[in-house]
Structure formats: C-alpha cells, structure tokens
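Peer 1:
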Ligand SMILES: Nc1ncnc2c1ncn2[C@@H]1O[C@H](COP(=O)(O)OP(=O)(O)O)[C@@H](O)[C@H]1O
Ligand SMILES: [Mg+2]
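Numbering (this note's numbering), first residue to last: 1303 to 1670.
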C-alpha cells in the first residue's frame, strides 16, 4: 500500500495543509514544536482511528475551532481509497471511505497499515510491561480482526468486573453475579492468550535474526511470551484469586498482566541488559513488525519514524535505513545531516515551519 496524499484542516497547529508523498522515502524536517509529529499523528489516526500517543480526539482539533478534517488517499492493489476523518468538538467522530460513511472502526481495517516508531519505543525493553502489551495489541489489532473483537470484549469485561468488585464492598449480595463476569473474562481471555502466544512465536525468529545482524553476529537474543496465566488454568485461578480480588477491588489474574521476555545468554535483559542491548533489541522488535504485517496481509505497511535517527548511533542508523528498502517511509528529524552523512537516498524533502510545510529540493531550495 502507498500513501499518496494527505489534506488537513484545523488539525493541531495546521489550519490548512496539503501534502503529496513519495512512494519511497519522505523526510520532514524542522525545529522543535513546528508540527512534524502532528503530521504523523494525523496519518496514524487515519490508519488506526487512534492517536499514537493516546490523545483525546477533541485535543487534536485546532485551538479555537470546532472541527477537524483529515483526508488521506491510499493506493492499494491498484485501487484508490480516500479516507475522510472528521473530528467534532461536540459530537462523535465520523469516518468515510470513498465517501461512504462507516459505522465501525473495524471497517477501516487493512486499508492503511501503519507502523509508528518513536524514541520512546527504544525504551520498550527497559520500561514496564504495559508498553510491551501495547506493542502486541497494536500489532495484532492491525492484522487480526477477531483479535480486535476479543480484546475489546475482554477489556470491557475487565472494566465491568473491576467496577463490580468495588460495588460488592458496599453491597455484598452483588457477589452472586461475579461468576458471570468471570465467564466472560475467561472466554475472551483464553483466545487472547492463545493468539498472543502464536504471534510472539511467529516474530521471535525474526527478532533474533535482526538482533544478530545489528550486533555484528555477536549476540543471540531470545524473545518469548510470558503469560500471567496459562489459558487452561485461567478459570481456576480466577476462583483462587477471588478473595484477594475482592479485598483489593481489582482483577489480579489474566492477560492484562502479560509480558514479553527477552534473554541474551540466559540473562533477562529487561532487568540486566546493557542500554545498548536493550536498544538493539527494541529496534529489532520494531523492524520485525514490517515483515509480520507483510506476511499476514500481503502488503508492506507504511513506516513513520518520529525523530528516532538522532537517538541512534551510526551503526544502528545505517542498519535502520538499510532495512527500509521497498517500504514507504516518512521520517521526521530536526536536520538532514544524518542522511547526508550516510549517503542515504531521499526522495522527497519537506520543511515544517510553524504549521506550514514547504517542499524542498536536495539543496534546500523551495520547490512548492
Ligand atoms: N489542538 C492544537 N491546536 C493548535 N496547536 C496545537 C494543538 N495541539 C498542539 N499544538 C501545537 O503543535 C505544536 C507541536 O507540534 P509537534 O508536531 O509536536 O512539533 P514537532 O515539530 O516538535 O514534532 C506546538 O506548538 C503545540 O502548541
Ligand atoms: Mg515531534
């Protein structure tokens, strides 16, 4: 799939923006706080209906305005898809594909697969497990509609169960309905555990291979699933944990507590790895997403790199840039030095200055 263009109206600090992307590498550079990340956020929103940083929809509407429009065009299998995204201050958002309004976000599924890579992702190994769960979920939700469905049902059941645990404190007779929510949790939870296991088994060899290459053949990293509970024991363990759950008014067992384990020579690098090992592993994990999406959907995703180049040493920069062949990439950065130094081919360059975008040639002269 190729992202061909995007129009913004009253989105973040853009009053009006129209931008045509190159099918290969696009660089968007500019000083801080000019609006580079906002462009990537709008693209991510178009593909996934969510902000990459979890912002509320209303926050993204330009200050002082009541609505925002994002219009992207995508070329897939020789067909053009126009995704219209309409954010409103006082109403629910509206999405249309080729002018036909859609009712469920899942109808957008598969039109624009996007990978968002930010400097924070480089800390995915050393940060807490919630970031790693979010990685699995954002990945699987893009490639597996059933997972998306199971996950949203699980989250809903979990929320309801936790609410009920609090209510039981004041009204103990409500305890009777707890098993109903346990059943829901187990039904969807087991499917989530099974799918996560399969997904991590699939990506593990790719992560090991990428890590081996980046470390110059020196390190063998092993990724594995670390479920909070095995699916077959989930129902029993919920019963075992019930008293504790009631006391703490929270659900202590289930896939909402899952993690991914990373080892090098048997050492858990989440806790004991050097910063270099953790970053190499994070980069490998992120790059493995490209091949997972391609092998499951048959399409290469669009890669958004938000200011990550400056966070990497030149060895990792080279590796990253070298792996982008045949992948449409949109890179934000503060300057072009890293690309010039690495003699990396750039197809289109844009400069962002205070919510205005100028297309430039390689000498820095304005094209448009
Ligand atoms: N809803 C909004 N309306 C107008 N401006 C906004 C809104 N949200 C953020 N901004 C502005 O966007 C700018 C930050 O943009 P960002 O894309 O994060 O910059 P960077 O170029 O550093 O990536 C800030 O100046 C901020 O005030
Ligand atoms: Mg930014």
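Don't be surprised by glycine CBs; every beta carbon is placed ideally from N, CA and C. Model, not experiment: these values are computed from the prediction.
Taking buried to mean at least 16 other C-beta atoms within 10 Å of its own C-beta, is residue 1382 buried or exposed?
Peer 2: The residue labelled residue 1382 in the question sits at position 80 within the chain shown. It is exposed - the Cβ of residue 1382 has fewer than 16 other Cβ atoms within 10 Å.
Peer 1: Leaving out five residues on either side along the sequence, give the residues of the same chain with a beta carbon under 6 angstroms from the beta carbon of residue 1324.
Peer 2: Position 22 of the chain shown, counting from 1, holds the residue named residue 1324. Here the set comprises 1649 and 1650.
Peer 1: Within 10 angstroms of the Cβ of residue 1529, are there 16 or more other Cβ atoms? Answer buried if so, exposed if not.
Peer 2: As a position in the chain shown, residue 1529 is number 227, starting the count at 1. Residue 1529 comes out buried.
Peer 1: Just to confirm the assignment: which complete alpha helix (DSSP H) runs, minimum length 4, are found wholly within the region 1389 to 1455?
Peer 2: Complete alpha helix (DSSP H) runs here, min 4: 1431 to 1445.
Peer 1: Using DSSP bridges, identify the partner residues of residue 1652.
Peer 2: Working through the chain shown from its first residue, we reach residue 1652 at position 350. The partner list for residue 1652 (beta bridge, DSSP) reads 1330 and 1661.
Peer 1: Using the beta carbon as the reference atom, which residues fall closer than 5 angstroms to any heavy atom of ligand 1, ordered along the chain?
Peer 2: This criterion selects 1314, 1315, 1334, 1335, 1336, 1337, 1338, 1339, 1340, 1364 and 1365.
Peer 1: State the Cα-Cα distance for the pair residue 1671 and residue 1533, rounded to the nearest angstrom.
Peer 2: The structure shown does not extend to residue 1671, since the chain spans only 1303 to 1670, so no value can be given for it.
Peer 1: Quick check on DSSP: helix, strand or coil for residue 1671?
Peer 2: Here the chain has residues from 1303 to 1670 only, and residue 1671 is not among them.
Peer 1: What does the alpha-carbon distance come out to for the pair residue 1593 and residue 1447?
Peer 2: Within the chain shown, residue 1593 is the residue found at index 291, counting from 1. Within the chain shown, residue 1447 is the residue found at index 145, counting from 1. Taking the straight line from one Cα to the other gives about 18 angstroms.
Peer 1: Would you check if the distance between the CB atom of residue 1536 and the CB atom of residue 1491 is smaller than 7 angstroms?
Peer 2: Start at 1 with the first residue of the chain shown, and residue 1536 comes out as number 234. Start at 1 with the first residue of the chain shown, and residue 1491 comes out as number 189. The answer is yes: Cβ separation under 7 angstroms.
Peer 1: Quick one: Cα of residue 1369 to Cα of residue 1357, how far?
Peer 2: By 1-based counting over the chain shown, the position of residue 1369 is 67. By 1-based counting over the chain shown, the position of residue 1357 is 55. Cα to Cα, residue 1369 sits roughly 16 angstroms from residue 1357.
Peer 1: With DSSP run on the structure shown, which of helix, strand or coil describes residue 1339?
Peer 2: Taking the first residue of the chain shown as 1, we reach residue 1339 at position 37. The answer is helix: DSSP assigns residue 1339 an H, G or I state.
Peer 1: Determine the DSSP secondary structure at residue 1358, reduced to helix, strand or coil.
Peer 2: Indexing the chain shown from 1 puts residue 1358 at position 56. In the structure shown, residue 1358 sits in coil (DSSP, three-state: anything other than H, G, I, E or B).
Peer 1: Taking 8 angstroms as the limit between beta carbons, can you name the residues of its chain near residue 1464, skipping five residues before and five after?
Peer 2: The count along the chain shown starts at 1 and reaches residue 1464 at position 162. Cβ within range, chain order: 1551, 1552 and 1553.
Peer 1: Give the single residue among 1462, 1544 and 1588 whose Cα lies nearest to the Cα of residue 1603.
Peer 2: Taking the chain shown and counting its residues from 1, one reaches residue 1603 at position 301. The candidate whose alpha carbon is nearest that of residue 1603 is 1588.
Peer 1: How do the region 1564 to 1584 and the region 1540 to 1547 stand: do at least 3 beta-carbon pairs fall below 8 angstroms, yes or no?
Peer 2: The region 1564 to 1584 is not in contact with the region 1540 to 1547.
Peer 1: Please report how far the alpha carbon of residue 1609 lies from the alpha carbon of residue 1506, in whole angstroms.
Peer 2: Sequence index remark: in the chain shown, residue 1609 carries index 307 (1-based). Sequence index remark: in the chain shown, residue 1506 carries index 204 (1-based). About 26 angstroms.
Peer 1: Check each candidate in 1488, 1523, 1642 and 1474 and name the one with the smallest Cα separation from residue 1549.
Peer 2: If you number the chain shown from 1, residue 1549 lands on position 247. With distances taken between Cα atoms, residue 1549 lies closest to 1474.
Peer 1: Taking 7 angstroms as the limit between beta carbons, can you name the residues of its chain near residue 1412, skipping five residues before and five after?
Peer 2: Locating residue 1412 in the chain shown gives position 110, counting from the first residue. Cβ within range, chain order: 1599.
Peer 1: Beta carbon of residue 1421, beta carbon of residue 1653: below 7 angstroms?
Peer 2: Counting from 1 along the chain shown, the entry for residue 1421 is found at position 119. Counting from 1 along the chain shown, the entry for residue 1653 is found at position 351. Cβ distance not < 7 angstroms, so residue 1421 and residue 1653 don't count as in contact.
Peer 1: For residue 1418 versus residue 1346, is the C-beta spacing smaller than 7 angstroms?
Peer 2: Counting from one through the chain shown, the residue named residue 1418 turns up at place 116. Counting from one through the chain shown, the residue named residue 1346 turns up at place 44. Result yes, Cβ atoms of residue 1418 and residue 1346 sit closer than 7 angstroms.
Peer 1: Nearest-angstrom Cα distance between residue 1313 and residue 1403?
Peer 2: Here residue 1313 refers to the residue found at position 11 of the chain shown. Here residue 1403 refers to the residue found at position 101 of the chain shown. Their Cα atoms are separated by approximately 20 angstroms.
Peer 1: Report yes or no: do three or more beta-carbon pairs, one from the region 1468 to 1483 and one from the region 1431 to 1442, lie closer than 8 angstroms?
Peer 2: No contact exists between the region 1468 to 1483 and the region 1431 to 1442.
Peer 1: Apart from the five residues on each side of it in sequence, which residues of its chain come closer than 6 angstroms, Cβ to Cβ, to residue 1469?
Peer 2: Taking the chain shown and counting its residues from 1, the one referred to as residue 1469 is at position 167. Result list for residue 1469: 1476, in chain order.
Peer 1: Alpha carbon to alpha carbon, how far is residue 1385 from residue 1439?
Peer 2: If you number the chain shown from 1, residue 1385 lands on position 83. If you number the chain shown from 1, residue 1439 lands on position 137. So the alpha carbons of these two residues sit roughly 23 angstroms apart.
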